[in-house]
Every structure is written in C-alpha cells, then in structure tokens.
Amino acid sequence: GAVVSQHPSWVICKSGTSVKIECRSLDFQATTMFWYRQFPKQSLMLMATSNEGSKATYEQGVEKDKFLINHASLTLSTLTVTSAHPEDSSFYICSARGLAGVPYEQYFGPGTRLTVT
Amino acid sequence: AQSVTQLDSQVPVFEEAPVELRCNYSSSVSVYLFWYVQYPNQGLQLLLKYLSGSTLVKGINGFEAEFNKSQTSFHLRKPSVHISDTAEYFCAVRNQAGTALIFGKGTTLSVSS
Numbered sequence: 061g062a063v064v065s066q067h068p069s070w071v072i073c074k075s076g077t078s079v080k081i082e083c084r085s086l087d088f089q090a091t092t093m094f095w096y097r098q099f100p101k102q103s104l105m106l107m108a109t110s111n112e113g114s115k116a117t118y119e120q121g122v123e124k125d126k127f128l129i130n131h132a133s134l135t136l137s138t139l140t141v142t143s144a145h146p147e148d149s150s151f152y153i154c155s156a157r158g159l160a161g162v163p164y165e166q167y168f169g170p171g172t173r174l175t176v177t
Numbered sequence: 397a398q399s400v401t402q403l404d405s406q407v408p409v410f411e412e413a414p415v416e417l418r419c420n421y422s423s424s425v426s427v428y429l430f431w432y433v434q435y436p437n438q439g440l441q442l443l444l445k446y447l448s449g450s451t452l453v454k455g456i457n458g459f460e461a462e463f464n465k466s467q468t469s470f471h472l473r474k475p476s477v478h479i480s481d482t483a484e485y486f487c488a489v490r491n492q493a494g495t496a497l498i499f500g501k502g503t504t505l506s507v508s509s
C-alpha cells in the first residue's frame with residue numbers, strides 16, 4: 061500500500077529557533093500534500109494544501125510566514141516552523157494524495173510531535 | 397460549508413460487546429465519507445470509506461458503517477470489540493469537488509475487560 065513517512069517523529073527546540081519537518085511519499089508520487097495540526101485530545105485542523113511546484117494554499121488563520129511549506133518534488137513536502145514559540149507545540153501530521161490509483165484517498169504520515177521550550 | 401459532528405466524545409465498552417460510534421455531517425452537495433483510527437502518538441489509518449454504491453460499507457478490523465443520506469449520518473459499528481480497538485476514531489467528509497478532508501472532533505473508544 062501507499063506509505064507516507066515523516067521525519068523527525070519528534071523534536072524539541074528552543075523558543076525562537078526554526079524547525080523543519082519532512083513528509084515523504086515512499087512508493088507513490090504525490091501531486092498534493094496536506095499539513096494538519098492536532099492539539100491534545102482534539103481533531104486534526106487543516107493548515108495548508110500544497111501542490112507540487114506551486115505555492116501552498118493556507119487555511120484562514122494560519123500564518124504563511126510562520127509555517128513555510130515547500131513541495132519541491134512529487135515525493136517530498138516540508139513544513140518549516142519559523143521562530144517557534146511554546147504555543148506552536150503540537151502534533152503535526154501530513155497526508156498525501158497520489159497521481160493514480162484511488163484518487164479520493166489520502167495517505168497519512170505517522171506525525172511529528174514538536175515541543176518548543 | 398461542510399461540517400462533521402461526532403456525537404460522543406468518549407465511549408467506554410467492555411470487551412466482546414458491540415459498539416456504535418455516531419457521526420453526522422452537513423453538506424449541500426454530495427460527499428465522500430471516511431472513518432479513520434488513530435492509536436496513541438501515531439498517524440491516521442483508514443478504516444473504511446463511502447464513495448458511492450452500497451450504503452453499507454465494510455472496512456478493516458471488522459468495522460462497518462452505514463451511509464444514511466436522509467439522516468445525513470455515517471455511523472461506525474463493530475459487533476464485538478477487542479481491547480486492541482481502544483483508540484481515537486475520526487469521522488471525515490470531503491466533497492466531490494474538494495480536496496481536503498474535514499474531520500470531526502473524534503471519539504475515544506475505551507475497551508476494558
């Protein structure tokens with residue numbers, strides 16, 4: 061089946077630093093990738109949608125200058141949290157949708173837990 | 397706009413008992429419906445989906461769901477649960493023209509012996 065990986069699985073950083081999270085589709089080409097944020101005991105909130113080779117589309121209320129998304133290839137998207145603060149601590153999950161196969165299904169990565177101290 | 401309501405935030409059940417996790421959606425257009433399961437500190441795994449056709453959908457791990465258009469519901473059921481079914485369950489909707497999934501707030505299923 062389709063596999064999506066995320067790296068790192070968890071990261072701790074100091075306030076004011078930047079952190080990059082990678083999302084890779086391992087065995088399929090992902091035309092579209094999605095980034096979600098999940099607070100403890102809460103649902104997934106869509107942050108942005110990115111298509112390979114074009115700028116990401118951010119959801120209302122998500123700061124595009126703070127959460128930089130790059131989708132440079134059909135198998136890799138990155139989310140960079142710039143100048144991180146403790147309130148950015150969260151579980152970040154990516155998902156990917158492929159070119160072929162089941163067009164309506166998204167495949168989710170295992171998530172990255174970010175803790176900002 | 398679409399929305400998803402999961403009517404129960406927590407559902408405690410005993411092992412081998414049946415369970416139903418409720419999900420209602422609102423949308424003015426045709427939608428696709430999904431149920432995902434999330435184990436602690438992990439991503440989401442697709443349990444089942446409704447795209448079209450038969451309203452009774454069977455998924456993995458013995459789960460099934462029934463799409464009811466008149467009641468705008470997509471409840472998840474399992475006739476006999478196991479301890480290993482303890483997890484967070486999310487109902488999600490996506491319209492046919494859209495791309496992203498809209499998730500409900502989740503239901504915590506706790507199975508005890």
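Line by line, the protein sequences are chains A and B. So the first sequence is numbered by this note's numbering: it starts at 61 and just counts up by one. So the second sequence is numbered by this note's numbering: it starts at 397 and just counts up by one. Glycine is no exception: its CB is placed at the ideal position from the N, C-alpha and C atoms.
Exercise. Can you name the residues that DSSP bridges to Gln441 of chain B?
Worked result: B:Val433
For this session: Answer with yes or no whether the minimum CB distance from Glu147 of chain A to chain B is below 8 Å.
Result: no
For this session: Please check if any C-beta of chain A sits within less than 8 Å of the C-beta of Lys465 of chain B.
Result: no
Problem set entry | Chain-order list of residues whose beta-carbon lies under 6 Å from that of Ser476 of chain B (same chain, five-residue window excluded) | Glu412
Problem set entry | Contact residues within the segment 87 to 99 of chain A, judged by C-beta distance below 9 Å to chain B | Thr92, Phe94, Tyr96 and Gln98
For this session: Give every residue of the same chain whose Cβ lies closer than 6 Å to the Cβ of Asn420 of chain B, excluding the five residues on either side of it in the sequence, and list them in chain order.
Result: Thr401, Thr468 and Ser469
Problem set entry | Burial state of Tyr435 of chain B, where buried means 16 or more other Cβ atoms lie within 10 Å | exposed
Problem set entry | Other residues of its chain near Phe88 of chain A: CB distance less than 6 Å, five sequence neighbours each side excluded | Ala62 and Gly158
For this session: With 8 Å as the threshold, decide whether the Cβ of Pro170 of chain A is near any Cβ in chain B.
Result: yes
Exercise. Below 8 Å between beta carbons: does that hold for Val453 of chain B and Lys465 of chain B?
Worked result: no
Exercise. Which residues, taken in chain order from the segment 420 to 446 of chain B, show a beta carbon closer than 9 Å to some beta carbon of chain A?
Worked result: Tyr428, Phe430, Tyr432, Gln434, Asn437, Gln438, Gly439, Leu440, Gln441, Leu442 and Lys445
Exercise. Does the distance from the C-beta atom of Trp431 of chain B to that of Gly455 of chain B stay below 8 Å?
Worked result: yes
For this session: With Ser78 of chain A as the anchor, note down where its beta strand (DSSP E) starts and where it stops.
Result: Ser78 of chain A -> no beta strand (DSSP E), and no H or E assigned at all.
Problem set entry | Reduced DSSP secondary structure (H/G/I, E/B, other) of Pro146 of chain A | helix
For this session: For the segment 103 to 117 of chain A, enumerate the residues whose C-beta is nearer than 7 Å to any C-beta of chain B, in chain order.
Result: Ser103, Leu104, Leu106 and Thr109
For this session: Would you kindly check if the distance between the Cβ of Thr140 of chain A and the Cβ of Val79 of chain A is under 8 Å?
Result: yes
For this session: Indicate whether Gln398 of chain B and Ser426 of chain B have their beta-carbon atoms separated by less than 8 Å.
Result: no
Exercise. Looking at Ala90 of chain A and Ala132 of chain A, is the spacing between their C-beta atoms short of 8 Å?
Worked result: no
For this session: Determine the direct distance from the alpha carbon of Leu497 of chain B to that of Val489 of chain B, and round the result to whole angstroms.
Result: 6 Å
Exercise. Using a Cβ cut-off of 9 Å, which residues of the segment 484 to 505 of chain B contact any Cβ in chain A, in chain order?
Worked result: Glu484, Phe486, Ala488, Arg490, Gln492, Thr495, Ala496, Leu497, Ile498, Phe499, Gly500, Lys501, Gly502 and Thr504
Problem set entry | C-alpha gap between Ser405 of chain B and Arg418 of chain B, whole angstroms | 10 Å
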